[in-house]
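Asks: Right, I'll just put the structure down here and ask away after.
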Amino acid sequence: MTEMTYSDALNLAIKEEMRRDDKVFLMGESIRGGIYGVTGGLSQEFDDRVIDTPLSEAGFMGAAVGAAAVGMRPIVTSLASFAYVAMDQLISQAAKMRYMFGGQVSLPIVYRWGMIYGNNVAAHHADRPYPLFMGIPGLKIAIPASPADARGLLKTAIRDNDPVMFFEDNNLAGWRGEVPDDDVCVPFGQASVIREGTDVTVVSIAGSVRPTITVAEEMEADGVSVEVIDPRTIVPLDTKTILDSVEKTGRLVIVDPAHQSCSVASEISSIVAQEGFWSLQAPIQRVTSLDVHFPFSPALEHLVYPNEDKIADAINAALE
Amino acid sequence: MPEGKELYMLQLRRMMLIRRFDETVQTMVQSAELVGMAHVYIGEEAVAVGACTALRDDDYITGNHRSHGHPISKGGDVRRAMAELLGKATGYCKGKGGSMHLADFDIGILGESGILASALPVAVGAALGSKMQNNDRVVVSFFGDGASNQGACHEAMNLASVWKLPVIFLCENNQYAVTTSYRDTVAVENIADRAVAYDMPGVLVDGQDVMAVYEATVQAVQRARDGGGPTLLEARTYRYEDHSEGLNRILREPYRTEEEVARWKERDPIKLHSAWLIEQEVATQEEIEAVRNDVRQAIEDALEFARQSPYPEPEDLFTDLYSDPLPAR
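This is the structure we're talking about:
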């Protein structure tokens, strides 16, 4: 094991996969310099496989589809909110092409989306649009919440033969953790049980995982046993691990930094309400971002997203 | 690569195949055998045929909702195309795509996009893939006058030019985006003039003359293979029929005159090419008729194949959504 940051783990995964397979290449805006803190320096080893693009999101995000269709394995790097600029390419082409053409083509593309929120960049930059893509068949969606998962899930994404939407929570960028030294790929569709517990299940996503762990540790001291689960991929979603846990604890809290309406929390709560109803001893609690845009002002922004107090309150409500 | 008489007769045959295919489609829409939308290519055949006969089998094309002419021009199988139109399991896309979305990746037909300029960035990406893999393949991206106004078109052209990619942007200017004339929506006189902004050649070509399109494409392909980068070709052509079959039942006022349609039909691409073949003593009238009869037989055979083919089964609904299927829930 080697200790490294979330960002360095992502960089390592890309480097390892580019060394392993010369079809893998990177595209994005100012990524050779490394504006998003992950890809800087890779061009020294891989040169023309690290491509700085014009500010043409529809252009290069669509070009990734064409390149993949003829045998390349592009990794597109951008900010999550810039996905909106290229939605037609992401949905009409990347997501639909394989199915609509009867499986004639595979599209091994990774779209890496940096999510910056909670640090005063206002609504155009601060966004977490991963639930939007759950409604688009044909895409897989991974959201790592630790350095080890960042590396392991990204390696899996790069080797996957379908388009993967890979959401990276920039609030975790500097988080340090142990990363295995050997070539570990984290499989899609397998949730991580970060902490076992018996009183309440907390499913937590992306940047919410860290505060969830903190709250779980504090409550342990008060005699409350909290099970913490990170789904890691939301398409495919490991519902079995979640349902098994709810069967054990009888109580469910879901923490999701996306907006509440039609969030991942909504989907999980719907699945558990339908398939795990008779295990529940209390109403399901959701801790999400409020249904409002992120305001710039430090006086307002922190009100929007999940934090330790909101998570603790929701756990207490589930335990009532 | 065919040349001489072999090439000219191939061009005739493919134009006739498209014409016959689409005339058959029209009757199938009228008899309600064909469901959904159908956009026929009648009148525009010289464009796709001229361009695709300048390509190697391993070169790529992308296209749009007017989807029948491009694959047939590239050597696609009319049986599998017709089966796809009828939603059959033997169709190109196993019935998942239909009339607007034919594709044959085995011969470089990277699919026809119903969202118009949307396929241009995809074409640029295929050209990028060619360049990165040093495989010498070029891409022709077919799009219309309407799509030339979409942002993706311009992003794609700029990308292709700054990266010197082997792609030919082939604008089929058939004069109308559904019912709106390009003269009311395009700020420049010729769509080809837009090439200036992307530092690539912009060539206006007679889209009713298959040899003119062929020769312009040969030059653009040469430039692309030599590493010279992209070219914008504008083929001035005309759609004889309405935007889609049956649209005349909805439209409440005319958008073009009968005189205009008649004037374009005088320069019919199949008639022009046939006359040229005779005039140049490449072929006799009998040889031309033999191709016509052969094509008629091929389309009847395709229709029979499509009609006899099975529909996909309900269990095929999720097939091909992912290459590595998701675990069932």
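These protein sequences, in sequence, are chains A and B.
When the first sequence is numbered by my numbering, its final residue is 537 and no position is left out of the sequence of numbers.
When the second sequence is numbered by my numbering, its final residue is 1521 and no position is left out of the sequence of numbers.
Even for Gly, the Cβ is constructed at its ideal location relative to N, Cα and C.
(1) Mind the definition here: the stretch 342-349 of chain A touches the stretch 361-377 of chain A only if three or more C-beta pairs lie below 8 Å; say whether that holds.
(2) Please compile the residues from chain A whose C-beta is within a distance smaller than 8 Å of the C-beta of residue 1516(B).
(3) With DSSP run on the structure shown, which of helix, strand or coil describes residue 1463(B)?
(4) Does the stretch 1392-1407 of chain B come into contact with the stretch 1231-1239 of chain B, if we say contact requires no fewer than three beta-carbon pairs (one atom in each stretch) closer than 8 Å?
(5) Roughly how many angstroms separate the alpha carbons of residue 304(A) and residue 350(A), rounded to a whole number?
(6) Quick check on residue 502(A): does DSSP put it in helix, strand or coil?
(7) Closest by CA to residue 1261(B), which one among 1284(B), 1280(B) and 1211(B)?
(8) With a threshold of 16 other CB atoms inside 10 Å of the CB of residue 1278(B), please say whether the residue is buried or exposed.
(9) Spell out whether any CB of chain A is found under 8 Å from the CB atom of residue 1507(B).
(10) Roughly how many angstroms separate the alpha carbons of residue 561(A) and residue 460(A), rounded to a whole number?
(11) Output the boundary residues of the alpha helix (DSSP H) element that contains residue 428(A).
(12) Buried or exposed for residue 1286(B), please, with buried defined as at least 16 other CB atoms from any protein chain shown within 10 angstroms of its CB.
(13) Quick check: what's the CA-CA separation for residue 409(A) versus residue 496(A)?
(14) Can you tell me the Cβ-Cβ gap for residue 1319(B) and residue 1302(B), rounded? I've got them flagged as a contact below 8 Å.
(15) Could you check the C-alpha separation between residue 223(A) and residue 257(A) for me, to the nearest Å?
(16) Contact criterion: CB-CB distance below 8 Å. Does residue 1313(B) meet it with respect to chain A?
(17) Taking three-plus beta-carbon pairs below 8 Å as touching, is the stretch 253-269 of chain A in contact with the stretch 394-402 of chain A?
(18) Quick check on residue 299(A) - is its C-beta less than 8 Å from some C-beta in chain B?
(19) Would you kindly report the start and end of the unbroken beta strand (DSSP E) that includes residue 476(A)?
(20) Please confirm if residue 316(A) has its CB atom under 8 Å from at least one CB of chain D.
(21) Looking only at C-alpha atoms, which of 1217(B), 1431(B), 1333(B) and 1331(B) sits nearest to residue 1448(B)?
(22) Around the C-beta of residue 219(A), are 16 or more other C-beta atoms found within 10 angstroms, so that it is buried, or is it exposed?
(23) Counting only Cβ-Cβ distances shorter than 7 Å, please list the residues of the stretch 271-289 of chain A near chain B, keeping chain order.
(24) Between residue 1419(B) and the ligand GDP, is there a pair consisting of the residue's CB and a ligand heavy atom that are separated by less than 7 Å?
(25) Taking the beta carbon of residue 1438(B) as the centre, do at least 16 other beta carbons fall within 10 Å, making it buried, or is it exposed?
(26) Taking a contact to mean a Cβ-Cβ separation below 8 Å, would you say residue 1475(B) touches residue 1201(B) in this structure?
(27) Determine the extent of the beta strand (DSSP E) in which residue 1334(B) is found, giving its start and end residues.
(28) Decide yes or no for the touch test of the stretch 1477-1488 of chain B against the stretch 1221-1231 of chain B: beta carbon pairs closer than 8 Å, at least 3 of them.
(29) Taking only three categories from DSSP, how would you classify residue 348(A)?
(30) Specify the secondary structure class of residue 402(A) as computed by DSSP and reduced to three states.
(31) In chain A, which residues lie with their C-beta within 7 Å of the C-beta of residue 1293(B)?
(32) State the Cα-Cα distance for the pair residue 1457(B) and residue 1230(B), rounded to the nearest angstrom.
(33) Relative to the C-alpha of residue 516(A), which residue among 317(A), 284(A), 339(A) and 478(A) is closest?
(34) Please name the residue in 486(A), 302(A) and 422(A) whose C-alpha comes closest to that of residue 388(A).
(35) So is residue 250(A) in contact with chain B if we call contact Cβ pairs under 8 Å?
(36) Going by alpha carbons, who is nearest to residue 1366(B) out of 1385(B), 1453(B) and 1479(B)?
Replies: With the given structure in hand:
(1) no
(2) By Cβ distance, chain A contributes 377, 378 and 379.
(3) helix
(4) By the C-beta criterion, the stretch 1392-1407 of chain B is judged to be in contact with the stretch 1231-1239 of chain B, since at least 3 inter-stretch pairs fall below 8 Å.
(5) 10 Å
(6) strand
(7) 1211(B)
(8) buried
(9) no
(10) Residue 561(A) lies beyond the residue range present for chain A, which begins at 218 and ends at 537; the question has no answer from this structure.
(11) 426-438
(12) buried
(13) 21 Å
(14) 11 Å between Cβ atoms; not a contact.
(15) Going by C-alpha positions, residue 223(A) is about 14 Å away from residue 257(A).
(16) yes
(17) no
(18) No, no contact with chain B.
(19) 469-476
(20) Absence of chain D from the displayed structure is noted, the protein chains being A and B.
(21) It is 1431(B).
(22) exposed
(23) 271, 273, 275, 276, 277, 279, 280, 281, 282, 283, 284, 286, 287, 288 and 289
(24) Ligands in the displayed structure: none, and consequently the ligand GDP is not present.
(25) Residue burial annotation: residue 1438(B) is exposed, with fewer than 16 other C-beta atoms found within 10 angstroms of its C-beta.
(26) yes
(27) 1331-1336
(28) no
(29) helix
(30) Three-state result, residue 402(A): coil.
(31) 317 and 318
(32) 21 Å
(33) 339(A)
(34) 422(A)
(35) no
(36) Nearest option by C-alpha distance: 1453(B).
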